[in-house]
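FYI, numbering that gives the first Met the number 0 numbers position 246 of the sequence shown as 245, with every residue one higher than the one before it.
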Amino acid sequence: MIDPPPPTFEDVRDLLSQNCVACHQQEGPAPFSLTKSTDYQRRSAFIQALIQEDRMPPHLVASERWSDQEKDVVLRWLAAASRDEDSQTVPAPKVPSFRKDRSFRIPEGFVIPKEGGERWHRGDRDVRTFRLAPRADQLLRVQAWRFHSSAPREVESIGLVHDDGTIARYGDLQEPNTPGYEMTGDMGWRPAGMLGVLGVANSTFRIPDGFHFEVPQDHEIDFELRFRPSGIDKPLAATLEAELVPDQQKSRALHLIPLSIRSWRVKAGESGTLEQRWVSPIDIDVPLVSVRAGRRIRGVSLSVDGKRVFDIPDWDPHWQQTWEIPDLRMTKGMQVVATFNVDNSEENPRNPETPPRDIQFGRRTGALGIWLHAAAIDPVDQGTLQQIHRSIFEAQQSEPVETPRQIEQSPKASP
0 MIDPPPPTFE DVRDLLSQNC VACHQQEGPA PFSLTKSTDY QRRSAFIQAL IQEDRMPPHL
60 VASERWSDQE KDVVLRWLAA ASRDEDSQTV PAPKVPSFRK DRSFRIPEGF VIPKEGGERW
120 HRGDRDVRTF RLAPRADQLL RVQAWRFHSS APREVESIGL VHDDGTIARY GDLQEPNTPG
180 YEMTGDMGWR PAGMLGVLGV ANSTFRIPDG FHFEVPQDHE IDFELRFRPS GIDKPLAATL
240 EAELVPDQQK SRALHLIPLS IRSWRVKAGE SGTLEQRWVS PIDIDVPLVS VRAGRRIRGV
300 SLSVDGKRVF DIPDWDPHWQ QTWEIPDLRM TKGMQVVATF NVDNSEENPR NPETPPRDIQ
360 FGRRTGALGI WLHAAAIDPV DQGTLQQIHR SIFEAQQSEP VETPRQIEQS PKASP
């Protein structure tokens, strides 16, 4: 049997453009460029290993990953490529369309440190919350966000939320000499990410047509920044831009339904699952979901009436964002289940503790969560939907600390 000829650059150009160059370009978030065919050839073995392990491209959602056929064509091209070949340009992906209707900025003066600092607690590290100005001059119906920063290699994600200024202002006053404050970005019962999460290589995010995020008049937009020190001090300047739904265009507001776990604990070496269930009291459309989870979570999934509709089998918080779920409509009485696979063992390559230790996390709006960004189908139910996230959070405050089910003891766990 005659082997087929190896793929050519033309066979892989579009895959590389759409999946690699978005990050691997000058001033991009990745540490080196992949804008020439020879860039791939110089790192051929390294790139092949990452592709084979599904580490790159970093598509967390299973349905967005490269197919076996796509992986095979790129791997065969890398294996056959010669360093003697002429260098060819891998074009940058097409820039998403965007109309800047509003622009917001943070004050300058904060410097992302070259190394992660000490914290008085054992919770989140390298997290800071910022207030954007100016406030909304009217009710804003946001169709798309675009984020710019002076530190694309240090910024991991921003979780957007709105506030009337009271909560964020109090946080700001605790550190009056530096923009922002060293705390997570929840504004009361409005969690960071309520207006979406923008992540690495996802600086422009468009809400599906027919839906929008709402920012009330006179409210400010705040964001929870998660950053990764890079070994050099990096002054941070940041701008958030908004594209608005035209005044005469019909659109439905998205509201938060949090499938969250307020507090949970796991012993060193243990693994298992945590679940949160919810039954919809109204008919809703759910075009978007966001995830809140840390490095001891190996996978997250969402099921509706037993059918899995969203799945991240290999969770990595470095790549968090808001994801689109096409055509997810839930009728009254449907049950939704959010599942989190916990792994606090040495077998978890992202476990920050070696050897593992007993841990417990808690947060008023959920230490773990899958956020449903939902819109009511019947306008009569809009008021009910607006109150759901608050009622869920309030009810969870009396819930006990949860522990994973189906726990297994790792033989390598420390005593």
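Glycine included, every Cβ here is placed at the ideal spot set by N, Cα and C.
In this text the structure is predicted, and so the values were computed from the model without any measurement.
I'd like the list of long-range same chain contacts for residue i, defined as Cβ closer than 6 Å, with 5 residues on each side in sequence excluded.
i	result
F109	T177, P178, G179 and L235
H147	T238
R225	V126, E155 and S156
R328	D284
A79	P5
G164	E219
P351	R294
Q216	A135, Q137 and L138
G361	S262
Which same chain residues, not among the five before or five after residue i, have their C-beta less than 7 Å away from its C-beta?
i	result
P112	P228 and D232
Q275	L258, S259, I260 and A337
R64	D53 and H58
P410	For P410, the predicted structure reports a pLDDT of 41, less than 50, and the residue's modelled location is therefore unreliable. A value from the coordinates is still provided. So no residue of the chain qualifies.
V303	M329, M333 and V335
L77	Y39, S43, I46 and Q47
L273	I260, W263, F339, V341, L367, E401 and P403
I369	L258, V288, V290, V299, L301 and A337
L197	W144, F146, S156, I157, F204 and Q320
Which residues in the same chain have their Cβ closer than 8 Å to the Cβ of residue i, if we skip the five residues on either side of it in sequence?
i	result
K35	S86, Q87, T88 and V89
E323	P207, P286 and L287
S62	D310
D377	I281 and D282
S72	Reading off the sequence shown, one finds Val at residue 72, where the question assumed Ser. Closer than 8 Å at the Cβ level, and outside the excluded window around V72, lie P6, D10, V11 and L14.
Can you have a look at residue i and say buried or exposed, based on whether 16 or more other CB atoms are within 10 angstroms of its CB?
i	result
P5	exposed
S289	buried
S279	buried
A241	buried
V400	exposed
E407	With a pLDDT of only 46 at E407, under 50, the local geometry of the prediction cannot be trusted, and no value is derived from it.
A366	buried
S390	exposed
F31	exposed
R130	buried
V379	exposed
E213	buried
Q142	buried
Could you give the first and the last residue of the continuous beta strand (DSSP E) run that contains residue i?
i	result
Q275	E269 to V278
Q334	Q334 to D342
K99	Looking at the DSSP string, K99 is not in any beta strand (DSSP E), and its letter there is neither H nor E.
W144	L139 to S148
A78	Element bounds for A78: not the beta strand (DSSP E) but the alpha helix (DSSP H), D67 to A79.
D304	Unbroken run through D304: none, as it is neither H nor E.
Q87	Segment: none, Q87 is in no beta strand (DSSP E) and carries neither H nor E.
L194	That residue, L194, is in no beta strand (DSSP E); it is neither H nor E in DSSP.
R205	T203 to R205
E155	V154 to D162
Q359	I358 to G361
Taking Cβ positions only, does residue i come closer than 8 Å to chain D?
i	result
K113	Although the question refers to chain D, the structure presented lacks it and comprises just one protein chain.
Would you grab the beta carbon distance between residue i and residue j for me? Rounded to a whole angstrom, and I think it's under 8 Å.
i	j	result
A252	A150	The Cβ separation is near 32 Å, so there is no contact.
R134	E219	5 Å
H372	L255	7 Å
A292	N343	The Cβ separation is near 13 Å, so there is no contact.
G420	G158	Within the shown structure, residues of the chain are numbered from 0 to 414, placing residue 420 beyond reach of any answer.
P312	G298	5 Å
T203	F103	The Cβ separation is near 15 Å, so there is no contact.
Q17	P95	With a Cβ gap of about 12 Å, Q17 and P95 do not count as contacting.
A167	D221	5 Å
By DSSP's criteria, residue i is part of a beta bridge. Which residues make up the other side?
i	result
E323	L287
A374	D284
I1	Its beta-bridge partners do not exist; DSSP assigns none.
R130	D221
H211	A252
R328	D284
G368	S259 and R291
I311	V299
Y180	T128
E186	Inspection of the sequence shows that residue 186 is occupied by Met rather than by Glu. Looking at the DSSP assignment, M186 forms a beta bridge with R189.
Quick check on the DSSP output: the alpha helix (DSSP H) that includes residue i runs from which residue to which?
i	result
I46	S43 to Q51
K113	K113 -> no alpha helix (DSSP H), and no H or E assigned at all.
T165	T165 to L172
E393	Q381 to Q395
E242	From DSSP, E242 is part of no alpha helix (DSSP H) but of the beta strand (DSSP E) over A237 to L243.
H8	What sits at residue 8 in the sequence shown is Phe, not His. First-last of the alpha helix (DSSP H) with F8: F8 to N18.
Any heavy atom of the ligand GTP inside 7 Å of the beta-carbon of residue i?
i	result
H23	Absence of the ligand GTP from the depicted structure is noted, as is the absence of any ligand whatsoever, leaving it without description.
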